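In this note's numbering, the protein residues as written are 15 to 78. Shown next, in structure tokens, is the structure this report addresses.
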């Protein structure tokens, strides 16, 4: 989330000073983007699954 919002950009600059000169930055950027995307999708699935479960439980109480 911090990388998606740009809040963790200072840490990225600090860690980038430890990279070798022949580091494949394109691969690293693509890898971080995919990890960020899949983490967001996973978090979305978990949150909406929990909300759906809670709505289902509350709906049963309202029907009774």
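For glycine and all other residues, C-beta sits at the position ideal for the given N, C-alpha and C. Fair warning: this is a prediction, and the values are worked out from it, not measured in the lab.
Residue range of the alpha helix (DSSP H) that includes residue i
i	result
residue 30	23-30
Residue i beta carbon near the ligand SAM (any heavy atom closer than 6 angstroms)
i	result
residue 29	For the ligand SAM, the structure offers nothing, since it holds no ligand at all.
CB contact below 7 angstroms: residue i versus chain B
i	result
residue 30	Looking for chain B here will not work: only one protein chain is present.
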